[in-house]
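Trainee: Residue numbers (the numbering used here), protein chains in the order written: chain Y, 149 to 442; chain D, 72 to 288.
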């Protein structure tokens, strides 16, 4: 079923003794706004986790296949049966005559949307040069930013082994190497997101997909455990549902209703308990409902 | 023809320079084409066209560099078509194999006042301009939009507010500078092969006056 509402959402997540998103420009230190000291997590980092979660939950099979895959998560690139949707006549017939024309690309685009969750959610660019060879996904995510400035800590760690024999010889059997690890002791981050029902119609993103998206945002960190991440979890997902497709209120005004601040008397925050989330759900603009998902 | 003014603002923005789009570097200010698409995100029909007339820069120009892992390839239409026909295939794309790290030089903490004319071009809009004018007015006041407007790239969402009385607003940035040649907009006369058009951008006391701009292809 296609969407008939606009949604704006606030995603709140935290990290404890981990690195939520490394910065390739800074030797994999946590991303930092150098001017203000706030931590950042990019939109693409969050989308990666959504993809991984959906891929894992749905086993990467159509119609919930994932186009942009990460090998570490799933290595089951088996043959998949894609539902052929009236494709044959398109491929025979006069397809050759207008090779690369808008219409054949359009068919392929629709078909990709139908089979791949990430294509119909976030969009994709297709390789033919025609101007319309792209899919704009209905879901738009912003960078996540920490509520308070974060401190990035660097830890030196040792490994009781070496990778090559040459290295072992050089160390005369000591066989130890040093490594580095960056963590944020604690940080709480906020990202904003938007779902456009108009773009959803173009890609066939429906109610079921939306429900999956919410589940992914709620649970994605639970399945993204690794040595680098520490403990990350979703602490809140606040969805503003508009009655109308165009929306009933300004997104920024709705976002301002979710305020997160350190509790009084807490100088150094080290857990979620040190923060207070205030949700002002009184007197919401007419036609807007607040759904607290997590 | 009616003029509207929107105040837009966001934490980040990237109005990518076409000559440096591999590692994206933003222009110093919003381009007229990005400004046009903000209006279009609120209201657009084939019967109308938006013409951006003036851009007021409200905040100092500041930068931030962000490097991200991106992919180097686009989705292959041919592979998709092959799988469509066969009903099976392996279409996925592994980021480990197609990874590129790209830096982007973004603008941070931006705010602009955008002035644009709603120009009727289709028959319906020509005979009934008030309908479109009211529609935009209503949507912009209520915060309605087709998709959330953004500042150059979709991850840099924009807040917007309809400015009804410009006299009540703060004056723009007190700064004048020559920004050199900037993208004006794409010329979509031949949709298969849109051509860029450029203009010489000058900020005078925080204002870029596009009505005086010389636009060349």
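The C-beta atom is built at its ideal place from N, Cα and C for all residues, glycine as well.
Would you kindly work out how many angstroms separate the C-alpha atoms of residue 148 of chain D and residue 282 of chain Y, rounded to a whole number?
Mentor: On the second chain, residue 148 of chain D is found 77 positions in, with the first residue counted as 1. On the first chain, residue 282 of chain Y is found 134 positions in, with the first residue counted as 1. If I take the Cα positions, the gap works out to 11 Å.
Trainee: Candidates D/279, D/286, D/116, D/81: which alpha carbon is nearest residue 194 of chain D's?
Mentor: Residue mapping note: residue 194 of chain D aligns to position 123 of the second chain, counting from 1. Checked all of D/279, D/286, D/116, D/81; the closest Cα to residue 194 of chain D is D/116.
Trainee: So, is the C-beta of residue 247 of chain Y closer than 8 Å to a C-beta in chain D?
Mentor: One-based indexing of the first chain puts residue 247 of chain Y at position 99. With a pLDDT of 45 at residue 247 of chain Y, under the threshold of 50, the predicted position of this residue should be treated as unreliable, though the coordinate-derived value follows. No, because no Cβ of chain D sits closer than 8 Å to the Cβ of residue 247 of chain Y.
Trainee: Do you know offhand how far residue 214 of chain Y's Cα is from residue 266 of chain Y's?
Mentor: Locating residue 214 of chain Y in the first chain gives position 66, where the first residue counts as 1. Locating residue 266 of chain Y in the first chain gives position 118, where the first residue counts as 1. Approximately 6 Å, taken between the alpha carbons.
Trainee: Between which two residues does the beta strand (DSSP E) harbouring residue 390 of chain Y extend?
Mentor: Residue numbering aside, residue 390 of chain Y sits at position 242 when the first chain is read from its first letter. Residues 379-390.
Trainee: Chain Y partners of residue 174 of chain D, CB-CB under 8 Å?
Mentor: As a working mapping, residue 174 of chain D is identified with position 103 in the second chain. The contacting residues are 173.
Trainee: For residue 284 of chain D, which of helix, strand or coil comes out of DSSP?
Mentor: Along the second chain, read from residue 1 onward, the residue named residue 284 of chain D stands at position 213. In this structure, DSSP gives residue 284 of chain D a state outside helix and strand, which the three-state scheme calls coil.
Trainee: Any idea which residues DSSP pairs residue 100 of chain Y with across the strands?
Mentor: The shown model of chain Y, from 149 to 442, leaves out residue 100 of chain Y, and the question about it has no answer.
Trainee: Under 8 Å between the Cβ atoms of residue 173 of chain D and residue 122 of chain D?
Mentor: Locating residue 173 of chain D in the second chain gives position 102, where the first residue counts as 1. Locating residue 122 of chain D in the second chain gives position 51, where the first residue counts as 1. No.
Trainee: Are the beta-carbon atoms belonging to residue 161 of chain Y and residue 383 of chain Y less than 8 Å from one another?
Mentor: Here residue 161 of chain Y is taken as the residue at index 13 of the first chain, counted from 1. Here residue 383 of chain Y is taken as the residue at index 235 of the first chain, counted from 1. In this structure, residue 383 of chain Y lies closer than 8 Å to residue 161 of chain Y by Cβ.
Trainee: What whole-angstrom Cβ distance do residue 150 of chain Y and residue 341 of chain Y have, given they're in contact under 8 Å?
Mentor: Counting from 1 along the first chain, the entry for residue 150 of chain Y is found at position 2. Counting from 1 along the first chain, the entry for residue 341 of chain Y is found at position 193. Between residue 341 of chain Y and residue 150 of chain Y the Cβ distance is about 19 Å, and since that is not below 8 Å, they are no contact.
Trainee: Would residue 244 of chain Y pass as an interface residue toward chain D - the criterion being a Cβ-Cβ separation below 8 Å?
Mentor: The residue given as residue 244 of chain Y occupies position 96 in the first chain. Note on residue 244 of chain Y: pLDDT 41, under 50, position unreliable in the model; the coordinate value appears next. False, the Cβ-Cβ gap to chain D never drops below 8 Å.
Trainee: Rounded to whole angstroms, what is the Cα-Cα separation between residue 434 of chain Y and residue 396 of chain Y?
Mentor: Locating residue 434 of chain Y in the first chain gives position 286, where the first residue counts as 1. Locating residue 396 of chain Y in the first chain gives position 248, where the first residue counts as 1. Roughly 7 Å separates the two Cα atoms.
Trainee: Since residue 385 of chain Y and residue 365 of chain Y are thought to touch, with beta carbons under 8 Å apart, how far apart are those beta carbons, to the nearest angstrom?
Mentor: In the first chain, counting from the first residue as 1, residue 385 of chain Y sits at position 237. In the first chain, counting from the first residue as 1, residue 365 of chain Y sits at position 217. Correct: roughly 5 Å between the Cβ atoms.
Trainee: In this structure, does DSSP put residue 145 of chain D in helix, strand or coil?
Mentor: Indexing the second chain from 1 puts residue 145 of chain D at position 74. Looking at residue 145 of chain D - three-state DSSP - the assignment turns out to be coil, as it is neither helix nor strand.
Trainee: Taking the alpha carbon of residue 270 of chain D as the reference point, which residue from D/283, D/262, D/276, D/163 has its own alpha carbon closest?
Mentor: Here residue 270 of chain D refers to the residue found at position 199 of the second chain. Checking every option, the nearest Cα to that of residue 270 of chain D belongs to D/283.
Trainee: Opposite residue 188 of chain D in the DSSP bridges: which residues?
Mentor: Here residue 188 of chain D corresponds to residue number 117 of the second chain, with the count starting at 1. Its beta-bridge partners are D/74, D/122.
Trainee: Buried or exposed for residue 241 of chain Y, please, with buried defined as at least 16 other CB atoms from any protein chain shown within 10 angstroms of its CB.
Mentor: Looking up residue 241 of chain Y in the first chain gives position 93. Note that residue 241 of chain Y scores 44 on pLDDT, short of 50, meaning its location in the model is unreliable and no value can be drawn from it.
Trainee: Establish whether the CB of residue 228 of chain Y and some CB of chain D are separated by less than 8 Å.
Mentor: Working through the first chain from its first residue, we reach residue 228 of chain Y at position 80. Cβ-Cβ to chain D under 8 Å: yes for residue 228 of chain Y.
Trainee: Could you work out which residues of chain D lie near residue 388 of chain Y, taking near to mean beta carbons separated by less than 9 Å?
Mentor: Within the first chain, residue 388 of chain Y is the residue found at index 240, counting from 1. Near residue 388 of chain Y there are no residues of chain D at all, since even the closest Cβ is about 11 Å away, more than 9 Å.
Trainee: If we ignore side chains and look at the alpha-carbon of each, how far apart do residue 304 of chain Y and residue 187 of chain Y end up?
Mentor: As a position in the first chain, residue 304 of chain Y is number 156, starting the count at 1. As a position in the first chain, residue 187 of chain Y is number 39, starting the count at 1. Going from the Cα of residue 304 of chain Y to the Cα of residue 187 of chain Y covers about 21 Å.
Trainee: For residue 97 of chain D, which residues does DSSP report across the bridge?
Mentor: Walking along the second chain from the start, residue 97 of chain D turns up at place 26. Its beta-bridge partners are D/87.
Trainee: Would residue 368 of chain Y pass as an interface residue toward chain D - the criterion being a Cβ-Cβ separation below 8 Å?
Mentor: As a first step, residue 368 of chain Y is located in the first chain; it is residue number 220 there, counting from the start. Chain D contact via Cβ: absent.
Trainee: What would DSSP say about residue 132 of chain D, mapped onto helix, strand or coil?
Mentor: Here residue 132 of chain D corresponds to residue number 61 of the second chain, with the count starting at 1. It is coil, neither helix nor strand.
Trainee: Using beta carbons (cut-off 8 Å, strictly below), is residue 239 of chain Y in contact with chain D?
Mentor: Translated into the one-based positions of the first chain, residue 239 of chain Y becomes position 91. Low confidence applies to residue 239 of chain Y: its pLDDT is 49, below 50, so where it sits in the model is not reliable, and the reading given next is rough at best. So yes, residue 239 of chain Y belongs to the interface.
Trainee: Please list the terminal residues of the continuous alpha helix (DSSP H) segment that includes residue 400 of chain Y.
Mentor: Locating residue 400 of chain Y in the first chain gives position 252, where the first residue counts as 1. Here the alpha helix (DSSP H) through residue 400 of chain Y covers 399-403.
Trainee: Which term fits residue 271 of chain Y, buried or exposed, when burial requires 16 or more other beta carbons within 10 angstroms of its beta carbon?
Mentor: Translated into positions along the first chain, residue 271 of chain Y becomes position 123. The residue is buried, with at least 16 neighbouring Cβ atoms inside 10 Å.
Trainee: Measure from the C-beta of residue 429 of chain Y to each C-beta in chain D and report whether the shortest distance is under 8 Å.
Mentor: Position 281 of the first chain, counting from 1, holds the residue named residue 429 of chain Y. So, not an interface residue.
Trainee: For a test of the three-state rule: what should DSSP assign to residue 241 of chain Y, helix, strand or coil?
Mentor: Taking the first residue of the first chain as position 1, residue 241 of chain Y is located at position 93. Because the pLDDT at residue 241 of chain Y is just 44, under 50, the model does not fix this residue reliably, and the value given afterwards should be weighed accordingly. It is coil, neither helix nor strand.
Trainee: Quick one, which of D/94, D/88, D/139 has its alpha-carbon nearest residue 176 of chain Y's?
Mentor: Counting from one through the first chain, the residue named residue 176 of chain Y turns up at place 28. Looking at the Cα atoms, D/139 is the closest of the given residues.
Trainee: Using a Cβ-Cβ cut-off of less than 7 Å, give me the residues of the segment 259-272 of chain Y that come near chain D, in sequence order.
Mentor: Taking 7 Å as the Cβ-Cβ cut-off against chain D, the residues of the segment 259-272 of chain Y that qualify are 259, 260, 272.
Trainee: Out of Y/260, Y/426, Y/314, Y/368, which has the shortest C-alpha to C-alpha gap to residue 408 of chain Y?
Mentor: By 1-based counting over the first chain, the position of residue 408 of chain Y is 260. For residue 408 of chain Y, the nearest C-alpha among the options comes from Y/426.
Trainee: List the residues of chain Y that residue 192 of chain D touches, going by C-beta distances under 8 Å, in chain order.
Mentor: The sequence position of residue 192 of chain D within the second chain is 121, counting from 1. Residues of chain Y passing the Cβ test: none, with the nearest at roughly 20 Å.
Trainee: Taking only beta carbons into account, state which residues of the segment 212-228 of chain D come closer than 8 Å to chain Y, listed in chain order.
Mentor: 213, 214, 215, 216, 217, 218, 219, 221, 225, 226, 227, 228
Trainee: Please identify the residue among D/134, D/108, D/107, D/88 whose C-alpha is closest to the C-alpha of residue 184 of chain Y.
Mentor: Mapped onto the first chain, residue 184 of chain Y falls at position 36. Nearest of D/134, D/108, D/107, D/88 to residue 184 of chain Y, Cα basis: D/134.
Trainee: Taking a cut of 7 Å between CB atoms, which residues from the segment 330-352 of chain Y lie near chain D?
Mentor: 340, 342, 344, 346, 347
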